[in-house]
Amino acid sequence: LSGLWVLLRVKFHLRRHQRSGSTVPRLFQAVARRLPDKAALIYEATGERWTFRRLDEFSNAVGNLFQRLGFGRGDVVALFMESRPEFVGLWLGLAKAGAEAALINFNLRRESLVHCVAASGARALVNVVFPALCLAAISEVNGMLGKNMEKFCSGEFHPDQVPGDTKHLDPLLNSAPRSPPTQTPEKGLDDRLFYIYTSGTTGMPKAAIVVHSRYYRIAAFGYYAYRMRPEDVIYDCLPLYHSAGNIMGVGQCLIHGLTVVIRRKFSASHFWDDCVQYRCTVVQYIGEICRYLLAQPVREAERRHRVRLAVGNGLRPHVWEEFARRFRVRQIGEFYGATECNCSIANLDGKVGACGFNSRILPNVYPIRLVKVDEDTMELIRDSRGLCVPCRPGSPPFLVWIPGRLWGHCSFGVATIPGDVLVMDELGYMYFRDRSGDTFRWRGENVSTTEVEGALSRLLDQADVVVYGVGVPGVEGKAGMA
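Taking full-length UniProt numbering, the leading residue of the sequence shown gets 1, the next gets one more, and so forth.
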């Protein structure tokens with residue numbers, strides 16, 4: 001019943017926003033008008049506090065600047081930077097201008113970086129130079145980005161150290177109007193907001209389309225499913241180029257007015273100290289984070305924090321119970337939802353190990369299915385009538401969805417198979433088992449075996465290389481073996 005209540009509430013608000021012509025920037029602007037002086041984002045690295053007014057004005061400046069530069073509906077700008085408040089302000093401002101951001105993993109280098117920029121069709125690249133390592137990465141591939149690629153750099157700017165055609169973003173933003181862009185893009189909740197890169201099941205990383213309604217649905221689903229409160233402070237140490245950190249985390253700020261603490265990079269030794277310092281009540285995790293925290297020596301801060309809820313995915317049962325017991329976290333909010341997916345599932349009642357639930361008594365209330373897939377070809381297994389074959393409880397099926405609109409990945413509009421293996425028990429609880437296909441998960445990142453094979457082959461004078469994931473005792477995910 002609680003799941004039905006959450007589902008109906010999210011659908012009700014989503015339809016209301018669709019009728020009113022809302023988008024994520026418009027929803028945020030309403031929050032900013034209501035809470036102008038409340039802290040929206042806190043940057044752990046400097047202690048800097050961004051109020052909703054400041055974030056709104058910064059994103060307005062971004063929108064006005066890029067509109068003046070000729071960017072608008074359908075144009076893509078790649079963001080290559082670390083997690084920080086400017087990251088949020090940039091993609092939000094681009095959305096206000098009608099453009100779309102491609103959120104690129106700042107750890108990528110050489111061919112992988114060029115591929116991700118090209119896959120999105122970006123005509124501009126914004127590189128915030130914190131640290132200088134990002135600048136070196138761009139300089140290294142500058143010749144492969146194309147002559148028409150516009151490049152912007154923020155932070156410390158030394159003309160002799162950046163590609164010759166790079167523009168300094170900071171003075172351009174300082175001179176841009178802080179009022180909302182006058183040219184309002186004709187966009188709705190079903191239009192594209194930005195792109196997040198996922199591994200898929202084969203080949204190189206793919207640009208997954210995130211539309212405005214998908215962003216709202218994920219953020220609202222987390223807010224209502226786990227009964228978050230307006231006064232909550234969320235500790236977000238996950239990368240903002242992924243959906244967990246940018247939507248489930250930052251989305252609570254933009255859509256619901258919560259304060260989010262952004263950490264540049266996860267630190268197990270500072271995790272609980274940060275939670276105490278910023279009076280956090282909600283933390284985000286992936287399974288590896290919880291394991292790293294448990295490996296730390298006992299410290300005073302882990303008893304003094306106010307955290308009541310941990311939200312994330314990938315938490316194994318044996319780690320789950322020990323984490324909740326040692327750190328006195330009352331609620332674990334485990335969920336599942338691939339970025340390119342148009343559905344999500346969530347564990348609402350704390351069933352250890354489960355990533356979600358779907359009623360077996362009333363399955364049509366939330367019409368998703370676990371069906372059989374040929375593990376070798378990744379083709380759907382069909383019966384004599386051409387219909388997919390549902391899996392029985394306990395068997396390892398795949399979660400499959402068919403998008404009603406062109407979501408999924410860029411250039412892919414057909415049925416999408418994420419390659420995640422899930423199992424449902426007799427009661428309807430779902431459990432994540434593994435990933436299939438040409439990928440493996442290591443330290444929170446899905447790794448493409450094709451990408452690793454290509455890199456090794458070039459180093460080994462074009463020798464044939466095969467890469468696959470292998471389990472490592474006491475470690476989440478799999479390591480690559482060649």
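In this text, a Cβ means the ideal position worked out from N, Cα and C, and glycines have one as well.
Under the 8 Å Cβ criterion, the stretch 309-320 does not count as touching the stretch 266-273, having fewer than three qualifying pairs.
Look at glutamine 183 here: in three-state DSSP terms it is coil, with no helix or strand label. Segment contact: the stretch 70-84 against the stretch 52-62, fewer than three CB-CB distances shorter than 8 Å; contact not assigned.
A residue is called buried once 16 or more other Cβ atoms fall within 10 Å of its Cβ, and leucine 4, having fewer, is exposed. Rounded to the nearest angstrom, the gap between the Cα atoms of cysteine 388 and threonine 46 is 53 Å. Our two residues, proline 317 and cysteine 290, have alpha carbons roughly 12 Å apart in a direct line.
Annotation: cysteine 134 to asparagine 107 spans about 8 Å, alpha carbon to alpha carbon. Distance from the Cα of arginine 110 is smallest, within the candidate group Glu140, Tyr235, Tyr429 and Ala301, for Glu140. Going by C-alpha positions, cysteine 253 is about 6 Å away from threonine 259. In terms of Cβ geometry, alanine 346 and phenylalanine 335 form a close pair [threshold 8 Å]. Distances from the alpha-carbon of tryptophan 91 to those of Leu240, Glu379 and Tyr278 put Leu240 closest.
DSSP places asparagine 107 outside both helix and strand once states are collapsed to three, so it counts as coil. Fully contained in the stretch 235-315 are the following beta strand (DSSP E) runs of length 3 or more, in chain order: 259-262, 282-286 and 309-313.
When secondary structure is reduced to three states using DSSP, leucine 172 falls in the helix class. Annotation: valine 6 to arginine 369 spans about 19 Å, alpha carbon to alpha carbon.
Taken through DSSP and simplified to helix, strand or coil, glutamate 82 comes out as coil.
Separation of the CB atoms of tyrosine 215 and leucine 193 is rounded to 5 Å, and the pair is thereby assigned contact status at 8 Å. In the three-state reduction of the DSSP assignment, arginine 16 falls in the helix class.
Scanning its chain for C-beta atoms nearer than 7 Å, with the 5 sequence neighbours on each side dropped, one finds no residue around arginine 392. According to DSSP, proline 390 shares a beta bridge with Val371. The Cβ atoms of cysteine 280 and valine 307 lie closer than 8 Å to each other.
The straight-line gap separating the alpha-carbon atoms of alanine 30 and lysine 11 is approximately 20 Å. Only residues of its own chain outside the window of five on either side were considered, and among them Phe335, Tyr336, Ile345, Ala346, Asn347 and Met430 have a CB closer than 7 Å to the CB of glycine 356, listed in chain order.
In this structure, the beta-carbon distance from isoleucine 262 to tyrosine 43 falls below 8 Å.
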